[in-house]
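*Asks:* Read top to bottom, the protein sequences are chains A and B.
The first sequence lines up with residues 5 to 586 when you count with the working numbering.
The second sequence lines up with residues 28 to 218 when you count with the working numbering.
Backbone N, C-alpha and C define an ideal beta-carbon position, used for all residues, glycine too.
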Amino acid sequence: MRVLLSGNEAVARGCYEYGVQVATAYPGTPSTEILENVVQYKDDVYCQWSPNEKVAFEVAMGASFGGVRTLVAMKHVGLNVAADPLMTSTSVGGDGGFVIVSADDPGMHSSQNEQDNRYYARFAKIPLVEPSDSQEAKDYVGEAMRISEEFGTPVLVRLTTRISHAKSPVVLGEREEVPRKEYVKDTSRRVVIPAHARKLHVKVEERLERLREFAEESPLNRVEEGDPSVGVISSGISYQYARDAFPEATFLKLGMSFPFPISLARKFCQRFEKVYVVEENEPFIEEHLRIAGITNVVGKEHVPLCGELNQGLVRDCLCDVDAAETRSERAPAAPRPPVLCPGCPHRSTFFCLNRAGIGATSDIGCYTLGVMPPLAGLDTCICMGASVGNALGCEKAIGREFAKKMGAVIGDSTFVHSGMTGLADIAYNRGATTVIIVDNSTTAMTGHQHHPGTGMTLMGEPTVKLDYVKLARSMGVEDARRVDAFDMAAVKEAIREATENDAPSLLVMEGACALQSRKDWGEPFQVDPETCTACGLCLKLGCPAIGRDADGKAEISKLFCVGDACGMCAQICPVGAISAGE
Amino acid sequence: MPEKTTNVFICGVGGQGILLASEILSEVALSKGLDVKKSEVHGMAQRGGAVVSHVRFGEKVYSPVIADGEADILASFEKLEALRWLHALAPDGKLVVNAQEITPSGMETYPEGIDGELDSRAPDRHSIDALSMAMEAGHPRAVNTVMLGAFSNFLPFTHDEWSAAIEKRVPPKTVEINLKAFELGRAAVAG
């Protein structure tokens, strides 16, 4: 059967068809839908969200020790979190097939950087495969499993946003049952004390050479004959762009780009006067060629290194530089940035911080949207969990008084991911910083995934629920409490008390995500134009439902307002002009 | 069926049903045995931001995205978004635009001068009031099927093929409304 699947759905299908028995992840765009789709095969594939990518990686590695095929998925920056186990797993490798999926985000549609994770394969000395559409995304899960088992190594499957989130036809197959290998204790391989690790390193180098020979012959790397005067080397999504840009050319398509098949590439390059290397972001392929002394290549001196490519860009930068200028002409259109939703519980925190003149180090999640005016509530946002350490660092640099003027704002899922250790640090090192968990009890930004604070697993089973207040107290943060995020007075007062006291504090601002509380939405609120003085305070909430009418008075959109599921605007209106609708 | 790949660029605002519209279009093309690729970006776009979906179909499709200046159809579910993505349209491409205005979050009133910009940059456009037609069909959220109907006039698929895909993809309770919305949109634009 031929169906349209996204690359992520195809990887999930690959898990099913190629006998994976354990799959793990922490959600992160553009990788999230992989595990969200694996769950439909939960009778055959155990799957779970882990608190972060490092744990997800270690669970998957453990499952591989346990003798089953296993897959761990994450976004590109997630692999930074899992880099510690990654770098050593590569010498341990070799039980049940072990596949790591990294979904990179060229163009940074929903990320803080556009690091090219192909370098992780080279750094960790493990094979790298790069599917270029959904069919290959599924097939390469199988290929990666076979390579992993044959060579005793984890294999990195690198996707990018336009693979993960693009749909293309996929032919479905049946599930292949892969029996579990018997667990045998093997300390020489799995206990990496220096005496063992020294021997393992030698093996890794030998394995790498065998893998390179494999890559030279593998059908994953193929020459597609065409015009004998134009040669192109490409991989992943860039291959598709290049194919459109040079429909007649001869291609070396790399499906397995590390270890790099240098002999194959050299032979290919010898056939042409010039060879175009088309790759998004870093010159990964190009560097391999140049290091080997192959000089007749055209690559990053023309192909942009920053941002996403597309076929038009490839054509323009390699063939028709003038056309690029006309294409880039844009009509002047007012921006339409994403903002916190109407009814979002995070709004009260940023509004009250802003009114009190308190800044915030912040973190990765929906609440990062609090950076937009009028809330303008963020001073920093770097990576998962950084808000907490950043705030303490500011306090230590500037002085204890500064903790009264700068809090840390972090989401519930992000706090569990990597904010907890930062909180322990604040208590341990006698800081006074206030940490605010904006707790909507879900991983909202990536589409509402469960985590250890929600009481539910990926497979739909009720489970224990992390208690942030008890956790904080056990760390030595005595001033820890829950606050109703929709109670403006309570939020304001809690922030005042927590920042003014000379001790670390944890505030848990509880409120359901507006996208999940739809059934509790009430009638839209309304403004009494007779009472409204057009002071504009409600507009400072930055709620998409609130605008001004022709007289400059506040006006609430009936389409967007969630009614008494929120009600923040009515609470702050100084003249009581806003009330619940009928 | 033409050998050349057909490029349909659909844009609008989060919540307007753009992704479902592009699913239905892709379904129709797939049911004809064509190669299809469709691309959009998830995540930030949902929160009231601009949303785009690229659909390409033909004998063999490589890239899942449409390059600037190569869309055969630019279907914009909102007026400001038509202006934002106009550079995607091919010189001889068709612009189908819903005249609806949705004020961007963060702005207190709708930006001025959009009509003037569109008049000077895209005089030959098919502008319809998809929101009114959706309400006439039975629900304001059927804007997406009104728009499908409108630009279906420029695509080589039969009425029955469209109906079958709509029935397959929309929620069962809304099939009737959506089919009616499709008809209204289809009648509003001359193919």
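Rounded C-beta distance between G369 of chain A and M449 of chain A? I'm assuming under 8 Å.
*Replies:* Residue 369 of chain A sits at position 365 when you count from the first residue of the first sequence. Residue 449 of chain A sits at position 445 when you count from the first residue of the first sequence. Yes, they are in contact, since the Cβ atoms of G369 of chain A and M449 of chain A sit about 5 Å apart, within 8 Å.
*Asks:* Check whether chain B comes within 8 Å of K171 of chain A, counting only Cβ atoms and requiring the distance to be less than that.
*Replies:* Counted from its first residue, the first sequence places residue 171 of chain A at position 167. So, interface residue.
*Asks:* Can you tell which of A:H205, A:L470, A:V81 has its C-alpha closest to the C-alpha of T33 of chain A?
*Replies:* Working through the first sequence from its first residue, we reach residue 33 of chain A at position 29. T33 of chain A has its Cα closest to that of A:V81, out of A:H205, A:L470, A:V81.
*Asks:* Would DSSP call H81 of chain B helix, strand or coil?
*Replies:* For this step, residue 81 of chain B is matched to residue 54 along the second sequence. In this structure, H81 of chain B counts as strand in the three-state DSSP scheme.
*Asks:* Does DSSP classify L215 of chain A as helix, strand or coil?
*Replies:* Position 211 of the first sequence, counting from 1, holds the residue named residue 215 of chain A. It is helical.
*Asks:* How would you list, in chain order, the residues of chain A whose beta-carbon sits under 7 Å from the beta-carbon of S179 of chain B?
*Replies:* Here residue 179 of chain B corresponds to residue number 152 of the second sequence, with the count starting at 1. Per Cβ cutoff of 7 Å: no residues; S179 of chain B is ~19 Å from chain A at best.
*Asks:* Using only the alpha-carbon positions, how far apart do M91 of chain A and P251 of chain A sit?
*Replies:* As a position in the first sequence, residue 91 of chain A is number 87, starting the count at 1. As a position in the first sequence, residue 251 of chain A is number 247, starting the count at 1. Each residue's alpha carbon lies about 40 Å from the other.
*Asks:* For a test of the three-state rule: what should DSSP assign to K106 of chain B, helix, strand or coil?
*Replies:* Taking the second sequence and counting its residues from 1, the one referred to as residue 106 of chain B is at position 79. Residue state, collapsed to three classes: helix.
*Asks:* Does DSSP put S445 of chain A in a helix, a strand or coil?
*Replies:* Indexing the first sequence from 1 puts residue 445 of chain A at position 441. Residue state, collapsed to three classes: coil.
*Asks:* Would you say H114 of chain B reaches chain A, if we count a Cβ-Cβ gap shorter than 8 Å as a contact?
*Replies:* By 1-based counting over the second sequence, the position of residue 114 of chain B is 87. So yes, H114 of chain B belongs to the interface.
*Asks:* DSSP three-state label for H421 of chain A, please.
*Replies:* Here residue 421 of chain A refers to the residue found at position 417 when the first sequence is read from its first residue. It is helical.
*Asks:* So, is Y432 of chain A buried or exposed, given that buried needs 16 or more other C-beta atoms within 10 angstroms?
*Replies:* Along the first sequence, one-based indexing puts residue 432 of chain A at 428. It is exposed - the Cβ of Y432 of chain A has fewer than 16 other Cβ atoms within 10 Å.
*Asks:* Mind checking whether G76 of chain B and R340 of chain A have CB atoms under 8 Å apart?
*Replies:* For this step, residue 76 of chain B is matched to residue 49 along the second sequence. For this step, residue 340 of chain A is matched to residue 336 along the first sequence. Yes. Within cutoff.
*Asks:* Helix or strand or just coil, what does DSSP make of E194 of chain B?
*Replies:* As a working mapping, residue 194 of chain B is identified with position 167 in the second sequence. Reduced to three states, the DSSP call for E194 of chain B is helix.
*Asks:* Less than 8 Å between CB atoms is the rule here; does P29 of chain B satisfy it with respect to chain A?
*Replies:* Mapped onto the second sequence, residue 29 of chain B falls at position 2. Because the pLDDT at P29 of chain B is just 49, under 50, the model does not fix this residue reliably, and the point stays unresolved.
*Asks:* Alpha carbon to alpha carbon, what distance is there between W112 of chain B and T32 of chain B?
*Replies:* For the purposes of this step, residue 32 of chain B is taken as residue 5 along the second sequence, with counting starting at 1. For the purposes of this step, residue 112 of chain B is taken as residue 85 along the second sequence, with counting starting at 1. About 20 Å.
*Asks:* If you drop the 5 nearest sequence neighbours on each side, which residues of the same chain put their C-beta closer than 7 Å to that of P199 of chain B?
*Replies:* Mapped onto the second sequence, residue 199 of chain B falls at position 172. Once the five neighbours on either side are set aside, P199 of chain B has no close Cβ partner at all.
*Asks:* What three-state label does DSSP hand W112 of chain B in the structure shown?
*Replies:* The residue given as residue 112 of chain B occupies position 85 in the second sequence. Coil at W112 of chain B, not helix or strand.
*Asks:* Using a Cβ cut-off of 8 Å, which residues of the stretch 335-369 of chain A contact any Cβ in chain B, in chain order?
*Replies:* Cβ contacts with chain B: A335, P336, A337, A338, P339, R340, P341, P342, V343, L344, C345.
*Asks:* Between the C-alpha atoms of R334 of chain A and K278 of chain A, what's the straight-line distance to the nearest angstrom?
*Replies:* Taking the first sequence and counting its residues from 1, one reaches residue 334 of chain A at position 330. Taking the first sequence and counting its residues from 1, one reaches residue 278 of chain A at position 274. Roughly 34 Å separates the two Cα atoms.
*Asks:* Do E118 of chain A and N314 of chain A have their C-beta atoms closer together than 8 Å?
*Replies:* Position 114 of the first sequence, counting from 1, holds the residue named residue 118 of chain A. Position 310 of the first sequence, counting from 1, holds the residue named residue 314 of chain A. In this structure, N314 of chain A does not lie closer than 8 Å to E118 of chain A by Cβ.
*Asks:* Does the distance from the CB of S152 of chain A to the CB of V103 of chain A come in under 8 Å?
*Replies:* Counting from 1 along the first sequence, the entry for residue 152 of chain A is found at position 148. Counting from 1 along the first sequence, the entry for residue 103 of chain A is found at position 99. Yes. Within cutoff.
*Asks:* Closer than 8 Å by beta-carbon distance: list the chain A residues that pair up with D62 of chain B, in chain order.
*Replies:* Position 35 of the second sequence, counting from 1, holds the residue named residue 62 of chain B. In chain order: S172, P173.
*Asks:* Write down the C-beta distance between E220 of chain A and L268 of chain A rounded to the nearest angstrom, noting that I regard them as a contact closer than 8 Å.
*Replies:* On the first sequence, position 216 is the one that residue 220 of chain A refers to. On the first sequence, position 264 is the one that residue 268 of chain A refers to. The Cβ separation is near 5 Å, so the contact holds.
*Asks:* Which whole-angstrom value is the C-beta distance of T353 of chain A and V413 of chain A, which I expect to be below 8 Å?
*Replies:* Taking the first sequence and counting its residues from 1, one reaches residue 353 of chain A at position 349. Taking the first sequence and counting its residues from 1, one reaches residue 413 of chain A at position 409. Sure, about 6 Å apart at Cβ, within 8 Å.
*Asks:* In terms of alpha-carbon separation, which member of A:G111, A:A584, A:D553 lies closest to M134 of chain B?
*Replies:* Translated into positions along the second sequence, residue 134 of chain B becomes position 107. It is A:D553 whose Cα lies nearest to the Cα of M134 of chain B.
*Asks:* Using the beta-carbon count (16 or more within 10 Å), is P158 of chain A buried or exposed?
*Replies:* Start at 1 with the first residue of the first sequence, and residue 158 of chain A comes out as number 154. Classification for P158 of chain A: buried.
*Asks:* Distance, Cα to Cα, I37 of chain B vs E217 of chain A?
*Replies:* On the second sequence, residue 37 of chain B is found 10 positions in, with the first residue counted as 1. On the first sequence, residue 217 of chain A is found 213 positions in, with the first residue counted as 1. Using only the alpha carbons, I get a separation of about 46 Å.
*Asks:* At a CB-CB cut-off below 7 Å, which residues of chain B make contact with Y245 of chain A?
*Replies:* If you number the first sequence from 1, residue 245 of chain A lands on position 241. The contacting residues are S90.
*Asks:* Give the interface partners of N285 of chain A over in chain B, defined as CB-CB distance under 9 Å, in chain order.
*Replies:* Within the first sequence, residue 285 of chain A is the residue found at index 281, counting from 1. None at all; the shortest Cβ gap to chain B is about 16 Å.
*Asks:* For chain B, find out if any of its Cβ atoms is closer than 8 Å to the Cβ of T33 of chain A; answer yes or no.
*Replies:* In the first sequence, counting from the first residue as 1, residue 33 of chain A sits at position 29. Yes - at least one Cβ of chain B is within 8 Å of the one on T33 of chain A.
*Asks:* Run through chain B and tell me which residues come within less than 8 Å of E333 of chain A, C-beta to C-beta.
*Replies:* One-based indexing of the first sequence puts residue 333 of chain A at position 329. Under the 8 Å cutoff, chain B gives H114.
*Asks:* Return no unless some Cβ of chain A is closer than 8 Å to the Cβ of R196 of chain B.
*Replies:* Counting from one through the second sequence, the residue named residue 196 of chain B turns up at place 169. It does not; no Cβ of chain A falls within 8 Å.
*Asks:* Can you tell me which of the three DSSP states E67 of chain B falls into?
*Replies:* Walking along the second sequence from the start, residue 67 of chain B turns up at place 40. Strand.
*Asks:* Taking R552 of chain A as the query, report the chain B residues whose CB atoms sit under 9 Å from its CB, ordered along the chain.
*Replies:* The residue labelled residue 552 of chain A in the question sits at position 548 within the first sequence. Residues of chain B passing the Cβ test: E135, T136.
*Asks:* So, is P29 of chain B buried or exposed, given that buried needs 16 or more other C-beta atoms within 10 angstroms?
*Replies:* On the second sequence, residue 29 of chain B is found 2 positions in, with the first residue counted as 1. With a pLDDT of only 49 at P29 of chain B, under 50, the local geometry of the prediction cannot be trusted, and the value read off the model is given with reservation. Result: exposed.
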